[in-house]
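I have placed the structure first, in the form of structure tokens, so that the comments after it can refer back to it.
Residue numbers (our numbering): 1 to 362.
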């Protein structure tokens, strides 16, 4: 052993410290750090303080609401006209061109969380946590009808793609369909055992699809109000349904759920064609626990491509995945392909910071 290194393990030489000699006491974990350690950590602290500046790339910012903005819709014919709803209990019809407010839609007694334009753009609808849907004339902002019936808050609203018929889902487990021109209730769709969280008319407009927190998707006949089929069971979703999207031309749809999956469903054959799974990574990790106690990333939305046989799904962690509907496999898109698509449209976003931001996509 190196003679310069003195290691003494003789217990007899240990010095006893008496209680009256103790000057200070510390709880474990609260002891002051050594000065040398402070010097060593100084570089890391300085590095942590250096953060990238957040740049606001928005071309325009609309600040018409005095509360969080919960819903947005673009006019089907004039894309410069926007309808928004917020936590200030109002809907606003405003212009993208100069951000001027055209009409303030007042009358709701709680947050406006769902909005939409009719297929011809003549009517606007707002749905609120007060459990009512209101129909307005877009050109004048005049209230046409107040549609009530649901006993709890409105979750969403959807217009028929060929007529002035409106569909809404409620937290009370029902969906309602009204004729906008008269305010007449056409049907009440009852059968879900929990909140009706999403819904849509199929592309043909001849069928209604609803999704629920009860983990089921139901198909309805809009003429009779009868339920034609229920997707459920151990081979289906295992958590609340977040979104349902119907293909505009083909008899297929996608359902999205908190279980971390999206399902491609055939409407005519009433069967499941594919399961699209969102893998959990550190970047997209959600807050929903699976049966094993791990985290899954809730799939919140979906959409079909208008020009290619593709679909997209998005999850709670911000991941967007593209799927080939011919092979049911995930597409891996390189940067070169994306650039060649030449996307030039605008992106309009709503936020809890009381703003609507407009971005130009390059």
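Note that beta-carbon positions come from the ideal geometry of N, C-alpha and C, so glycine has one too.
These numbers come from a predicted model, not from an experiment.
query, result
"Should the stretch 78-90 be regarded as contacting the stretch 165-175, the criterion being three or more beta carbon pairs within less than 8 Å?", "no"
"Within the stretch 88-168, note down every full beta strand (DSSP E) run reaching 3 residues or more, in order along the chain.", "91-95, 101-105, 112-117, 123-128, 133-137, 143-147, 154-159"
"Where does residue 210 sit, in a helix, a strand or coil, going by DSSP?", "strand"
"What are the residues that DSSP puts in a beta bridge with residue 350?", "356"
"Starting from residue 236, trace the beta strand (DSSP E) in both directions and tell me its first and last residue.", "Taken as a continuous stretch (DSSP letters only), residue 236 belongs to no beta strand (DSSP E), as it is neither H nor E."
"What residue does the beta strand (DSSP E) around residue 261 start on, and which one ends it?", "261-266"
"At the level of alpha carbons, what is the spacing between residue 224 and residue 166?", "16 Å"
"Quick check: what's the CA-CA separation for residue 243 versus residue 203?", "16 Å"
"Residues in its own chain within less than 6 Å of residue 357 by CB, not counting five upstream and five downstream?", "58, 61, 349"
"Using three-state DSSP, classify residue 55 as helix, strand or coil.", "coil"
"Here's the rule: buried if 16 or more other CB atoms are within 10 angstroms of the residue's CB, otherwise exposed. What is residue 329?", "exposed"
"On a Cα-Cα basis, can you pick out the residue from 156, 55, 125, 94 that is closest to residue 181?", "125"
"Please classify residue 331: does DSSP put it in a helix, a strand, or coil?", "coil"
"Here's the rule: buried if 16 or more other CB atoms are within 10 angstroms of the residue's CB, otherwise exposed. What is residue 184?", "exposed"
"Could you tell me which of 351, 296, 249, 318 sits nearest to residue 309, measuring between CA atoms?", "249"
"With a cut-off of 8 Å on the beta carbons, I'd call residue 196 and residue 210 a contact; round off their distance for me.", "5 Å"
"In angstroms with no decimal places, state the Cα-to-Cα distance between residue 353 and residue 70.", "10 Å"
"Compute the beta-carbon to beta-carbon distance between residue 311 and residue 317, rounded to the nearest angstrom, for a pair I have assumed lies under 8 Å.", "The Cβ separation is near 19 Å, so there is no contact."
"With DSSP as the reference, please indicate the residues paired to residue 60 in a beta bridge.", "358"
"So what does DSSP say about residue 221, is it helix, strand or coil?", "coil"
"Where do the N-terminal and C-terminal ends of the beta strand (DSSP E) with residue 272 fall, by residue?", "271-277"
"With DSSP collapsed to three states, give me the class of residue 313.", "strand"
"So, for residue 73: in the same chain, excluding its five sequence neighbours on each side, which residues have a beta-carbon less than 6 Å away from its beta-carbon?", "83, 115, 116, 117"
"May I have the straight-line CA-CA distance separating residue 91 from residue 105, to the nearest angstrom?", "5 Å"
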